[in-house]
Amino acid sequence: MRFPVSRSRSRSRLARLAIVVGGLAIASLIVAALTAARTDALTPREQALHVLNRLSFGPRPGDVDRVVRSGVSSYIEEQLHPERIPDGRVEARLSASNYPALAMSNAQIIANFEVPLLEARRKIKAERAANAKADDGEATDAEVAKARELIPPEQRPKRILEELTAARILRASESERQLNEVMVDFWMNHFNVYANKGQDRFAIVSFERDTVRPHIWGTFEQLLQATAKSPAMLFYLDNARSVADEDHRPFQRSRAASAAGTAGAPRGLNENYARELMELHTLGVDGGYTQKDVTELARILTGWSIGLPRREGAQAAAGGYGFGRGRGAMMRPAEAPGEFVFRAAAHDAGTKTLLGVSFAPLGIAEGERAISMLAHHPATAHHIAHQLCQRLVADDPPKELVDRVARRFLANGGDLRDTVRAIVTSPEFFDPRYYRSKIKSPFEYVVSALRAVGGATDGRAIASKIADMGEPLYLCQPPTGYSDTADAWVSSGSLLARLNFALALAQGRLPGTTADPGIVKLAGASPGRGVDSAAHWLIGTDISEDTLTTITQRVADGGEGAEPSTLVAGLLLGSPEFQRQ
Amino acid sequence: MAPFDRRLFLKSSGLSIIAGGLLPNVFVRMAQASTLPGNSSKRVLVAVFQRGAVDGLNLLVPYGEKVYYDARPSIAVPRPGSGAANSALDLDGFFGLHPSLAPLIPHFRDRSAAFVHAVGSPDATRSHFDAQDFMESGTPGSKSTPDGFLARALGAPKTGSAGSPLRAVAMTPGMPRILSGSSAIAMTSLAGFGIRAGQASEPLSESFESMYEGAVAGTLQATARESFEAVHLVRSADPANIPVANGAAYPRGPLGNALRQIAQLIKSDVGLEVAFTDVGGWDTHAAEGGGNGQLANRLRDFGQAIAAFAQDLGSRMADVTLVTMSEFGRTVRENGNRGTDHGHANVMMLLGGGVAGGKVYGKWPGLDSSHLYENRDLAVTTDFRDVFAEVLAKRLRVTALDRVFPGYECAEGKRLGVIA
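Here it is in C-alpha cells:
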C-alpha cells in the first residue's frame, strides 16, 4: 500500500532547509506561502476519505482503499440508493427480541408503557388521598420514585429511549447504508422532537420509524406532510391542542356547555407549531412571513390532532394528553389511539389568508394545501439547500452552491435524492478548501471512532458519552435542533469528554463496547515508523509532525503501565486530526 | 479570514472585532482599556438565561391590574391576601412575586434583590432562536455580530499571567453565544474537568496538550490551549471539593448543579469574573398553571437554586451580582390551552453585591389593550442593554460600553439606578 507523502512534513522540511539557506526572513515568507490554503485538487485517496467522512460516519479499516478501488462516483451512487444495499446483519441485531419497543405500534406502546405508568400514578394518588395529604401539590420526588418502582423494569418509559438511542448508534456504526443514517440524523434534527416531553416519550418511536425513515429519499413535501401528521410533532409543538377560537367554530356550543367543559379542554388557538413550521421546517426565519401569517396558519391547522385512547382507561389517558375528559371525548367517533386524527369539530370554519393566498374552508385539505405551498416555496428551497450544504459541505457553505442547489430543488419538485446528489457531486463538495474542514459533532465523533477501531457496541453505554459531549440523542429541548457548525461543538468540557472517550475506547473501558484488538495492536505495532501507518490505518489520513512526535515520544516514555498499542490508538483517536471530517 | 480563525486571532493578536469588521488601532486600544486591570475587588457577574421565554407576568405578577385577571381566567396567580392557596407574595402593593419564589423574598426584604419589569429587547421577533441570539450578541436586529456582549465586556483577552484561564466560565455543555469570541471555558462538571485514565492520566494529559498545541490554528487549537490552562488551574485549586456552606441546599437538577459549581469557583479564588449558565423549560404554550402547576414547578427549582447560591456564598455574595434574563415575555392573554404564546417584554432579576434592592424598577406600561405591544403583549419600556450596561459599568468597571453594545447609546441618564 502506498500513502501520499505527508504534506505537513514535507512542508516543515522545506522550511528547515530555507532557514539554513536563506535566513529567517525568507524562511518565514516561504512558510507563510506554504501554509496558505491549498489550491490543488484532491488526490483520489483524499476524495475517497472525503466522501467517507461526509457520506458515512467515517471509514472503517480498509474502507478508504475499497472506495479508491471502486471509484468515488460509484460509492456515491450506491449510497444514494440505500434500498439496494443489503443490510441483513444490522437488521438482525435490531430484532424485536433485542429491541421490543422499537417494533411496537403506537397503541402497543401506550398499552405497554403508558398504562402501567398511569396505574402507578393512580395508586400513589389514592394513597395520598387516604393519608389526607395536601391535595393540590405535585408529587414529591419520593412519590415519583415509588410510582416508578411499581412498574416492572421492562415497562418503564425510559426503556423506550434506551432502545432508540442504542439502535441509532448501532445503525450508524454498523449499517452498510451509511448515507441513509447520515440523512436520518440530519432530518431527525431538522424536524427535532424532544423525546422527554410528555406523550413524546411514547410517540417518538413511530416518529423515527414511520414518519422520518420512510420519507427521506422521497420528496420534501412527502416528508413534511408526514411530520405534520405525526403524533410526535403534533404533541411536541402543541398543535394537537389547538382548536378554533369560539368565533370560528363550525358548531357553536352554548356558552354554558363550554364553561361547564371540562378541565383542561382546549378552547382556542395555539400558534406554536404554525410558527416553527415556517421558521424552522420550511421558509426559514427570514422567509418573509409575518405574525399574521403565523396566526392564519395556526387557524388552517386547527383540528390536526392525536387520537384518544378508547373508552376503557380513556379518562386517565386523555388527561395525560391534556385534552380534558368527559363528554366531548365520549361523543367523538372512534379514533385510533395515539394516531393522527383530523377533528372537523375543532377546525376553524372561516376563510384564511396565508402569504397572500386565500384558503377557503375545506377542512383537512386546507392544511395539506398550505403545507404543499410551503414545501415548494422558493424560500424553503433556499433554506433546505443551505441546511443540507452546511451539513455535507461546510459550516459556511458557498453561496453559489446553495443557490444552485435551491434551484435544483425547485426544478426537481423537492426530490431529496436528487438534491443530495447535486450537493455531493458538485465541484464545491470536492474543493480542497472544504477537505477535512468540518469538526465532527459528538455523535459523529463517537461513531467514527468506533468504526475506526473496528469496534462493536450494544450502543447503550456510549449513549451517555455522546450526551457528555453535549448532544444527548432525542433530547434537544428547543425545536431548533442541534447546531451543525463547529462553534457549537468545540468547547472545553466537550473537548475533554472527547479525549477521555478516545482513551476509554482504546483501553477497552467502555461497557458493552469493544475495539477490535487486532486493529488496536496494529496501531501500536512498531513505534516510530508504525505510528504514521497506524494513523493511516486508524484515521485514514496524515497526521501532523507534532502529533506524530508526541505519540512516538509518549510510547517511548511509557504510559504508566498502559499498553503501547492502546496509547497509540487512544492518542490518535483523540488527536486534533480525528476531530475533523 | 476563515471563521475558524476568529477566536485564535482575537487571542493572539489582542484585536477586538465588532460587527462590521476590524477596527482601527485607536479603537483597539480603547477596547483593551475597557476593563480596568486586575479586577482586584474579586467582583463577579453571574448571568442566568431562562431559555424558552419565561412568563414574566406570572413570575412577577401585576396583581394591581384588573386586566391581568380578565386576560388569564385559568392561569392567573391569585392576589396576595386573597385567601386563595398559593397566592402571589406582595412586594410593593402592586406587584407580587410568584409563590414558588418564596425563598427569594428575604433577599427582596433585605434589599439585596431587585426586579426590572417590562424589560426586553426592542426587536419584534417572536422566534426563540433569533431573540436569544440578539440578546446574547447584544445587537438586537443584527445577525452578523460575530461575538457575544459578555465576551466584548471582558475586552481583549489578557495575555500572560494577568488573566486567569478561569476568568470567564459558562456552566453549559457548549460555548454560549453570549461569551463566544472570548476565551471563556464551557463545562458542566468541575469534577470531570480533566483527563481521566487512571495512572496514565497525567502523562496522557501532557501528550494531548502538546499535540493540540501544534494543531492547525483555529477554534480547536485555541479551545484546547484554553482548556488545558484551565485544567491545570482546576487541578491545583480543586474547587470541586469545596463543600457547600451555611447549610445551603441546592435543588437537584441542572440549574442547582451549575450554580453550586459556580459558587465553588468563586470560593476557590481562581480569578472568575464572569459566569454564565442557562436553564430551559419555560415555553409554556399549554397547561401553564397559576399558583400551582407546570410553571410553578419550574419556578420553585429556579428560586431554590438561586436562594441556595446566595446562602452558600454568604458574605461573599457582596462581591457577586447575579442577573437573570429571558429572550421575550409571553402573551398577556392566555391561549386556548391554558398556556401563553410568544410575547414581548419580560422581567429580569438582580441579586447580590451592589444591587439597590427591595424595589421593582422600570416604567410600567399597563396591560390595557391600548398600551399593549401589537395589541397583545407587554410593551418594552426598558432596554435590557441598559440594565447590563449599569451592572457592567458599576460592578465590573467596564468603561467602553459603546464597544459592548455597538450602535446603542448607553447613556447614564437612561440608567435605572438598580446598582447603587
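Chains as they are written, first to last, in the numbering used here: chain A, 1 to 581; chain B, 1001 to 1420.
Here a beta-carbon is modelled for each residue, glycine too, at the ideal position from N, C-alpha and C.
Once you ignore the five residues that flank A/Arg498 on each side, which residues in its own chain have a CB closer than 8 Å to its CB? Pro442, Tyr445, Met469, Gly574, Gln579
Closer than 9 Å between beta carbons: that is the criterion. Which residues of the region 558-570 of chain A meet it against chain B? Gly558, Gly559, Glu560, Gly561, Ala562, Leu567, Gly570
If you measure from the beta carbon of B/Arg1260 to each beta carbon in chain A, is any gap under 8 Å? Chain A, which has no Cβ nearer than 8 Å to the Cβ of B/Arg1260, makes this no.
Selected residue, minimal CA-CA separation from A/Ala345, among A/Gly356, A/Val357, A/Leu362, A/Ser358: A/Leu362
The alpha helix (DSSP H) enclosing A/Ala497, as first and last residue numbers: Where A/Ala497 is concerned, the enclosing alpha helix (DSSP H) starts and stops at 492-506.
Please state the DSSP three-state secondary structure of B/Ala1031. Low confidence applies here, because B/Ala1031 scores a pLDDT of 38, under 50, leaving its location unreliable and the question unanswered by this model.
Just the chain B side, please: which residues come within less than 9 Å of A/Thr514 by C-beta, in chain order? Near A/Thr514 there are no residues of chain B at all, since even the closest Cβ is about 18 Å away, more than 9 Å.
At a CB-CB cut-off below 7 Å, which residues of chain B make contact with A/Arg267? Gly1336
May I have the straight-line CA-CA distance separating B/Ala1411 from B/Phe1388, to the nearest angstrom? 12 Å
Taking the straight line between their C-alpha atoms, what separation do you get for B/Phe1199 and A/Gly512? According to the sequence as given, residue 1199 of chain B is Gln; it is not Phe. Going from the Cα of B/Gln1199 to the Cα of A/Gly512 covers about 23 Å.
At the 8 Å Cβ level, is B/Thr1223 part of the contact set with chain A, yes or no? yes
What does DSSP give as the partner residues of A/Val212 in its beta bridges? Answer is none; A/Val212 lacks a bridge partner.
Note down the Cα distance separating B/Ile1105 from A/Thr419, rounded to an integer number of angstroms. 58 Å
Going straight from the alpha carbon of B/Arg1126 to that of B/Val1323, what length do you get? 22 Å
Taking only the alpha-carbon atoms, compute the straight-line gap between B/Leu1150 and B/Val1360 and give it to the nearest angstrom. 25 Å
Just list the residues that DSSP pairs B/His1342 with in beta bridges. B/Arg1330
CB contact flag (B/Asn1375, A/Asn270, <8 Å): no
Nearest to B/Gly1413 by CA position, among B/Asp1386, B/Asp1130, B/Lys1394, is which residue? B/Asp1386
Name the two residues that bound the continuous alpha helix (DSSP H) containing A/Gln579. Premise fails: A/Gln579 is in no alpha helix (DSSP H) and is neither H nor E.
Contact check, A/Ile85 vs A/Glu208, beta carbons under 8 Å: no
Verify the CB distance criterion: does A/Asn53 have a CB-CB separation below 8 Å to chain B? no
Sequence-distant residues of the same chain with beta carbon closer than 6 Å to A/Val341, five excluded per side: Ser305, Gly307, Glu335
Step through the CB atoms of chain B and report whether any lies within less than 8 Å of the CB of A/Pro576. Between A/Pro576 and chain B, the shortest Cβ-Cβ separation is below 8 Å.
Determine, for B/Glu1374, whether the minimum Cβ-Cβ distance to residues of chain A falls below 8 Å. yes
Look up B/Thr1145 in the DSSP assignment and say whether it is helix, strand or coil. coil
Please state the DSSP three-state secondary structure of B/Leu1396. coil
Closest residue to A/Asp348 among A/Ala365, A/Leu355, A/Thr547, A/Arg148 (Cα-Cα distance): A/Ala365
Where B/Leu1190 falls: helix, strand or coil (DSSP): coil
Sub-8 Å separation of B/Gly1357 and B/Ala1113 beta-carbons: yes
Quick check on the burial criterion: 16 or more other C-beta atoms within 10 angstroms. Buried or exposed for A/Ala126? exposed
Which of the three DSSP states, helix, strand or coil, is assigned to A/Lys465? helix
Are B/Pro1365 and B/Gln1304 close, meaning C-beta to C-beta below 8 Å? no
Closest Cα partner of A/Phe202 within the set A/Leu301, A/Asn272, A/Leu164: A/Leu164
Using Cβ-Cβ distances below 8 Å, what residues of the region 487-508 of chain A are close to chain B? Asp487, Ala488, Trp489, Val490, Ser491, Ser492, Gly493, Ser494, Leu495, Leu496, Ala497, Leu499, Asn500, Leu503, Ala504, Gln507
Measure from the C-beta of A/Val193 to each C-beta in chain B and report whether the shortest distance is under 8 Å. no
Rounded C-alpha distance that separates A/Pro116 from A/Arg93: Within the model, the alpha-carbon separation for A/Pro116 versus A/Arg93 is close to 28 Å.
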